[in-house]
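**Q**
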Amino acid sequence: MHIDDILSAVQQQLANGADRATIQVDKSWSQGRTLFGGISAAVTYQAIAIKVGEGRLLRSLSTSFVGPISAEQPLSIDVEILRQGKNVTQVLAKAMQDDAVCITALASFGVERSSKIKVDNLQFHDHQLPKRANFIPQIPKLVPKFLRHFDMAIIEGKMPFMANDASAIFGWMRFSKAPKQITDAHIIALIDSWPPPVLQMLRWPAPASSLSWNLEFIHPHRDIATTDWFAYQVKTRQAADGYGHTEANIWDAQGELIAISRQVFTVFDS
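Under the numbering used here, read the sequence shown as residues 103 to 372, first letter to last.
The structure is reproduced here in structure tokens:
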């Protein structure tokens with residue numbers, strides 16, 4: 103099931119003005135007992151984007167992963183526009199399964215305005231585009247199924263469970279099968295494809311999951327080709343007691359910063 107098919111299913115249901123979309127996502131997007139968090143956040147955001155419409159740019163998306171989502175089971179997404187002002191729109195969405203809330207998301211959109219203030223991003227990287235993917239191969243019952251949808255190339259750091267001392271990663275990512283276009287929903291799914299960087303510090307496999315995730319989208323930025331690589335650099339700010347905090351920068355293929363990611367995650371390694 104390609105990501106375009108999933109996002110299209112949400113769009114078709116909400117295009118007629120409905121406030122709820124109900125979809126099913128197949129097992130190829132599974133991550134243990136739940137759906138991959140990136141696809142869950144992407145479909146929730148897609149419902150938000152359809153309700154807001156064009157003309158307003160996504161500035162931030164705060165997602166809380168409340169409970170697991172089962173693959174191949176109905177998932178309903180409700181959208182409520184909290185306020186739509188002249189410049190800013192605030193939207194709340196809930197994804198539910200079996201009458202239980204699985205995800206809540208708050209999105210903030212803002213129109214472009216003239217301003218005398220301009221501060222350029224000063225964080226860059228000097229890594230060359232990869233020639234091929236080099237991340238974890240598909241190993242049944244060990245590697246999450248959703249990874250088959252992505253090409254990933256790790257440049258700095260190591261793969262999970264290699265007893266490394268570092269807690270940061272630099273790598274590249276793109277879809278293994280290019281979508282028809284790259285939207286914010288596609289970028290959301292891509293960014294979450296990387297595991298928590300502290301997993302490379304473990305010697306044996308252990309489950310981990312996202313608790314909350316805040317994404318900030320940088321505008322303006324160039325148009326993005328569907329086959330482009332995206333650079334991803336993440337560092338662990340702090341981790342203890344089974345929880346961790348990360349910050350990440352995401353650049354396009356030309357080295358322009360397009361998003362900033364902050365995440366709280368849990369690790370079950372004891």
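Quick reminder that beta carbons are idealized off the backbone N, C-alpha and C, glycines included.
Keep in mind it's a predicted model, so treat the numbers as computed, not measured.
Looking at the unbroken beta strand (DSSP E) that takes in L160, where does it start and where does it end?
**A** Residue numbering aside, residue 160 sits at position 58 when the sequence shown is read from its first letter. For L160, the enclosing beta strand (DSSP E) covers residues 159-167.
**Q** Rounded to the nearest angstrom, how far is the Cβ of P315 from that of A333, given a contact under 8 Å?
**A** The sequence position of residue 315 within the sequence shown is 213, counting from 1. The sequence position of residue 333 within the sequence shown is 231, counting from 1. The sequence shown places Trp at residue 315, not Pro. Contact flag wrong, Cβ pair sits at about 19 Å.
**Q** By alpha-carbon positions, which one of E258, I290, V145, I360 ends up nearest to I179?
**A** By one-based count along the sequence shown, residue 179 stands at place 77. Checked all of E258, I290, V145, I360; the closest Cα to I179 is V145.
**Q** How far does the beta strand (DSSP E) with N143 in it reach, from first residue to last?
**A** Looking up residue 143 in the sequence shown gives position 41. Before going on, a small fix: residue 143 reads as Ala here, not Asn. From DSSP, A143 is part of no beta strand (DSSP E) but of the alpha helix (DSSP H) over 139-154.
**Q** Could you name the residues of the same chain whose beta carbon sits closer than 6 Å to that of F272, not counting the 5 residues immediately before and after it, in chain order?
**A** As a working note, residue 272 is residue 170 in the sequence shown. So the list reads I257, E258, Q335, once near-sequence residues are dropped.
**Q** Please name the residue, chosen from I293, E349, K153, that lies closest to S269 on a Cα-to-Cα basis.
**A** In the sequence shown, residue 269 corresponds to position 167, counting from 1. For the residues I293, E349, K153, the minimum Cα distance to S269 belongs to E349.
**Q** Residues bridged to H347 by DSSP?
**A** Looking up residue 347 in the sequence shown gives position 245. Paired residues: Q340, V366.
**Q** Please state whether DSSP places L194 in a helix, a strand or coil.
**A** As a position in the sequence shown, residue 194 is number 92, starting the count at 1. In this structure, L194 counts as strand in the three-state DSSP scheme.
**Q** Is it a yes or a no for the stretch 201-212 touching the stretch 157-171, going by three-plus beta-carbon pairs under 8 Å?
**A** yes
**Q** Out of S142, I152, T136, which has the shortest C-alpha to C-alpha gap to Q115?
**A** The residue given as residue 115 occupies position 13 in the sequence shown. With distances taken between Cα atoms, Q115 lies closest to I152.
**Q** Thinking D294 and G169 are a contact (beta carbons under 8 Å), I'd like their distance in whole angstroms, please.
**A** Mapped onto the sequence shown, residue 294 falls at position 192. Mapped onto the sequence shown, residue 169 falls at position 67. Going by Cβ atoms, the distance from D294 to G169 rounds to 17 Å, so no, they are not a contact pair.
**Q** Where do the ends of the alpha helix (DSSP H) carrying I205 lie?
**A** Locating residue 205 in the sequence shown gives position 103, counting from the first residue. I205: not part of any alpha helix (DSSP H); member of the beta strand (DSSP E) spanning 202-212, first to last residue.
**Q** On a CA-only basis, which of Q240, V369, K233, H288 is nearest L304? Give me that one, please.
**A** For the purposes of this step, residue 304 is taken as the residue at position 202 of the sequence shown. Cα-wise, what sits closest to L304 is V369.
**Q** If you compare alpha carbons, which of D286, G344, A341 is closest to E156?
**A** Working through the sequence shown from its first residue, we reach residue 156 at position 54. Out of D286, G344, A341, D286 has the C-alpha closest to the C-alpha of E156.
**Q** Who are the near neighbours of I326 in its chain, counting only those whose CB is closer than 7 Å to its CB and skipping five residues on each side?
**A** Here residue 326 is taken as the residue at index 224 of the sequence shown, counted from 1. Cβ neighbours of I326 beyond the five flanking positions: I284, D354.
**Q** When DSSP builds the beta bridges, which residues end up paired with Q356?
**A** Your numbering for residue 356 matches position 254 in the sequence shown. Bridge partners of Q356: none, in fact.
**Q** Would you mind sorting P262 into buried or exposed? The rule is 16 or more other CB atoms within 10 Å of its CB.
**A** Along the sequence shown, read from residue 1 onward, the residue named residue 262 stands at position 160. With 16 or more other Cβ atoms within 10 Å, it is buried.
**Q** Less than 8 Å between the C-beta atoms of G338 and G346, yes or no?
**A** What you label residue 338 is simply residue 236 of the sequence shown in a count that begins at 1. What you label residue 346 is simply residue 244 of the sequence shown in a count that begins at 1. Looking at the sequence provided, one finds Thr at residue 338 rather than Gly. Contact: yes.
**Q** Smallest Cα separation from D106: which of A280, P239, M198, V221?
**A** In the sequence shown, counting from the first residue as 1, residue 106 sits at position 4. D106 has its Cα closest to that of A280, out of A280, P239, M198, V221.
**Q** Leaving out five residues before and five after H321 in sequence, what residues of the same chain have Cβ atoms less than 8 Å from its Cβ?
**A** The residue given as residue 321 occupies position 219 in the sequence shown. Cβ within range, chain order: L159, R161, E214.
**Q** Roughly how many angstroms lie between the CA atoms of S311 and H251, to the nearest whole one?
**A** Position 209 of the sequence shown, counted from the start, is the residue given in the question as residue 311. Position 149 of the sequence shown, counted from the start, is the residue given in the question as residue 251. Approximately 19 Å between the Cα atoms of the pair.
**Q** Could you give the first and the last residue of the continuous beta strand (DSSP E) run that contains L231?
**A** As a position in the sequence shown, residue 231 is number 129, starting the count at 1. Looking at the DSSP string, L231 is not in any beta strand (DSSP E), and its letter there is neither H nor E.
**Q** I need the straight-line Cα distance from N236 to W331, nearest angstrom please.
**A** Start at 1 with the first residue of the sequence shown, and residue 236 comes out as number 134. Start at 1 with the first residue of the sequence shown, and residue 331 comes out as number 229. Rounded to whole angstroms, the separation of the alpha carbons of W331 and N236 is 13 Å.
**Q** Starting from the C-beta of Q113, find all residues in its chain whose C-beta is less than 8 Å away, skip the five residues before and the five after it, and write them out in chain order.
**A** Mapped onto the sequence shown, residue 113 falls at position 11. Closer than 8 Å at Cβ, skipping near neighbours: Q148, I152.
**Q** DSSP has W296 in a bridge; who is on the other side?
**A** As a first step, residue 296 is located in the sequence shown; it is residue number 194 there, counting from the start. None, per the DSSP bridge assignment.
**Q** DSSP puts W315 in a beta bridge; with which residues?
**A** Here residue 315 refers to the residue found at position 213 of the sequence shown. Paired residue(s): T165, Q365.
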